[in-house]
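What follows is a set of notes on a single structure, which appears directly below.
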Amino acid sequence: MATHAHVISAALAPHCVPVSSARTRRSVVRAASTARCASSAASTSTPPPTRVWHCPPPAEARAATQAASTLSKLPPHTLASGGLDPSSQTAQNQQAYLGSLAERYLPVDLSYRGVRVLNVDPPIFAIADFIPAGECDALAVLASDATAGDVVNVKSAALGVKMPAPLGDGMPSLAQRLGELVEDARAFVRCDGAWLQGGMMNSWGMSTGFSKLPPPGAFAFEMPTLNVTDKGEVSGILPDGMARQAANDLGYQRRALFRVFLTDAPQALTAAAESAEEDSGEPAPDIDRDAFSAKFVICDIGVAPAKGTAIVTFPSFADGMPDERISTMVRATPEAPMVWMDLPVSVGLIAGGIAAPVTMRDMGSVEKVDEEANVGTAARDRNRQEWRANVGAGGLGEDGSGKVDGEETSGGGVSEVEGGGGATEEAMKKLEELKEAGL
């Protein structure tokens, strides 16, 4: 990460956030789980919760309109460890990256438990164990009645009618758990003072979006959605950020997205597969680059998050324009479907909506500099008058009469100016050179 030290960063000092008793209990459980993992780490090597790697770029030309050269990636060895631990960075780098996030996207809390940076720009984060594995299984069951939508190979399940029911035996209701997950997400995306006041769920639509739009400038979570890609299928590009006009028509734009994977990731390349590769005479690859759960098709990054991991992205910039660099597709293994839940964070748009980007066509004609055809008569006249004034100060106008543009100069005759003879002759030569040059 040394090559990105000027832009990558990490955690601000942890700030106190009031938590409910439920969140406190979950924190205690997670702390105990972390302690158990730490005690066993000495004897076994635990793989990172999220496998992430660079994918080779496509052979065909990209259709992206935003410059891919603006991508800022982490080196492969950092990705191989599951991403960058923000706490490993210096305070200066932390502040620099946090400032960039706050200016271009949204401020975040990089001291949040288990967070890892998977890409610098556009920012992509992973939060391990965002939802416990047992609850992931219960949520995945709720997606059994999902129906096809507008995206290729993606089905979605409406959650509105299922809110009162418990997730499973001995589990809280869906409404309660979604409310707790929203609070957890708010602890990472820092929009203090700009969140929609009151009950967040009161504004949710029955299937997606809002039943009541957030006020201009207020942030709110849309109704979460459960999504499925059937086994062996690859989805189309997911509609994370809305196009400018579509957002203006709806009155809001998505600014952040928590995508939580509820099923197991594809298996990493096994030792048996490596052995088979070696027996065939071909070199064994270090990673199966097609074994992704999700792929960022412009960033060329594949991710295989562990069950319960949230991948956090920012579908639009601070001005509301969508960031197509986080375009994502999902892949299911031949053995099982891929199920995930989306928790979008949106903001109400001000009057007039998102302004159209300014182009060179909007700027009108631009005159070139240092070309005589574009200098203009006013500039040439000004230069001529300045030289005439210099000559007149020596006693002669352009015609040698002591007048400049028909007016008597204050210099009088040449003989009355100290050293005027030499100065006047030199000025006259300059004037002749200007005339020959067309000035």
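Whatever position you read off the sequence shown (first residue = 1), add 1 for this note's numbering. Glycine is no exception: its CB is placed at the ideal position from the N, C-alpha and C atoms. Given the structure is predicted, the values throughout are model-derived calculations rather than measurements.
Enclosing alpha helix (DSSP H) for residue i [first to last residue]
{"i": "residue 502", "result": "A query on residue 502 cannot be resolved here, the shown segment of the chain reaching from 2 to 440 and no further."}
{"i": "residue 135", "result": "134 to 143"}
{"i": "residue 183", "result": "175 to 189"}
{"i": "residue 81", "result": "77 to 81"}
{"i": "residue 246", "result": "245 to 251"}
Beta-carbon contacts of residue i that lie in its chain and below 8 Å, excluding the five residues immediately before and after
{"i": "residue 71", "result": "122 and 326"}
{"i": "residue 139", "result": "168, 169 and 172"}
{"i": "residue 155", "result": "149, 228, 229, 230, 236, 237, 239 and 331"}
Residue i vs residue j beta-carbon contact at 8 Å
{"i": "residue 346", "j": "residue 126", "result": "no"}
{"i": "residue 350", "j": "residue 254", "result": "yes"}
{"i": "residue 80", "j": "residue 55", "result": "yes"}
{"i": "residue 266", "j": "residue 307", "result": "yes"}
{"i": "residue 334", "j": "residue 213", "result": "no"}
{"i": "residue 137", "j": "residue 242", "result": "no"}
{"i": "residue 49", "j": "residue 82", "result": "yes"}
{"i": "residue 107", "j": "residue 244", "result": "no"}
{"i": "residue 143", "j": "residue 53", "result": "no"}
{"i": "residue 355", "j": "residue 248", "result": "yes"}
{"i": "residue 57", "j": "residue 290", "result": "yes"}
Inter-residue spacing [alpha-carbon to alpha-carbon] between residue i and residue j
{"i": "residue 104", "j": "residue 98", "result": "10 Å"}
{"i": "residue 251", "j": "residue 117", "result": "33 Å"}
{"i": "residue 189", "j": "residue 343", "result": "16 Å"}
{"i": "residue 210", "j": "residue 294", "result": "25 Å"}
{"i": "residue 229", "j": "residue 146", "result": "10 Å"}
{"i": "residue 24", "j": "residue 124", "result": "Note on residue 24: pLDDT 47, under 50, position unreliable in the model; the coordinate value appears next. So the alpha carbons of these two residues sit roughly 27 Å apart."}
{"i": "residue 88", "j": "residue 112", "result": "7 Å"}
{"i": "residue 357", "j": "residue 298", "result": "25 Å"}
{"i": "residue 359", "j": "residue 433", "result": "47 Å"}
{"i": "residue 236", "j": "residue 96", "result": "37 Å"}
{"i": "residue 404", "j": "residue 426", "result": "With a pLDDT of 46 at residue 404, under the threshold of 50, the predicted position of this residue should be treated as unreliable, though the coordinate-derived value follows. Their Cα atoms are separated by approximately 16 Å."}
{"i": "residue 296", "j": "residue 303", "result": "4 Å"}
{"i": "residue 78", "j": "residue 60", "result": "25 Å"}
{"i": "residue 181", "j": "residue 226", "result": "16 Å"}
{"i": "residue 130", "j": "residue 51", "result": "10 Å"}
{"i": "residue 318", "j": "residue 301", "result": "20 Å"}
{"i": "residue 348", "j": "residue 220", "result": "4 Å"}
{"i": "residue 429", "j": "residue 101", "result": "60 Å"}
{"i": "residue 157", "j": "residue 178", "result": "19 Å"}
{"i": "residue 135", "j": "residue 261", "result": "14 Å"}
{"i": "residue 110", "j": "residue 329", "result": "24 Å"}
{"i": "residue 448", "j": "residue 352", "result": "Missing from the structure shown is residue 448; the chain here goes from 2 to 440 and no further."}
{"i": "residue 204", "j": "residue 222", "result": "9 Å"}
{"i": "residue 268", "j": "residue 184", "result": "32 Å"}
{"i": "residue 437", "j": "residue 431", "result": "10 Å"}
{"i": "residue 292", "j": "residue 338", "result": "14 Å"}
Same chain, Cβ closer than 7 Å to residue i, neighbours up to 5 away in sequence not counted
{"i": "residue 141", "result": "263, 264 and 340"}
{"i": "residue 175", "result": "160, 163, 164, 166 and 168"}
Residue i classed as buried or exposed, judged by whether at least 16 other C-beta atoms fall within 10 angstroms
{"i": "residue 324", "result": "buried"}
{"i": "residue 321", "result": "buried"}
{"i": "residue 151", "result": "exposed"}
{"i": "residue 93", "result": "exposed"}
{"i": "residue 91", "result": "exposed"}
{"i": "residue 63", "result": "exposed"}
{"i": "residue 316", "result": "buried"}
{"i": "residue 153", "result": "exposed"}
{"i": "residue 305", "result": "buried"}
{"i": "residue 30", "result": "Confidence at residue 30 is low in this model, with a pLDDT of 39, below 50, so its placement is unreliable and the value that follows should be read with caution. That one is exposed."}
First and last residue of the uninterrupted beta strand (DSSP E) at residue i
{"i": "residue 343", "result": "339 to 349"}
{"i": "residue 54", "result": "51 to 55"}
{"i": "residue 220", "result": "220 to 222"}
{"i": "residue 114", "result": "Unbroken run through residue 114: none, as it is neither H nor E."}
{"i": "residue 226", "result": "226 to 230"}
{"i": "residue 330", "result": "329 to 331"}
{"i": "residue 306", "result": "302 to 306"}
{"i": "residue 313", "result": "311 to 314"}
{"i": "residue 128", "result": "125 to 128"}
{"i": "residue 157", "result": "156 to 158"}
Sequence-distant residues of the same chain with beta carbon closer than 6 Å to residue i, five excluded per side
{"i": "residue 259", "result": "186, 311, 313 and 344"}
{"i": "residue 216", "result": "349"}
{"i": "residue 192", "result": "220"}
{"i": "residue 197", "result": "215, 219 and 221"}
{"i": "residue 234", "result": "154 and 333"}
{"i": "residue 128", "result": "115, 116 and 311"}
{"i": "residue 76", "result": "none"}
Near the ligand NAP: residue i beta-carbon under 7 Å from a heavy atom
{"i": "residue 319", "result": "This structure lacks the ligand NAP; in fact it carries no ligand of any kind."}
Chain B contact for residue i (CB, 8 Å cutoff)
{"i": "residue 245", "result": "Annotation note: the requested chain B is absent from the structure, which comprises a single protein chain."}
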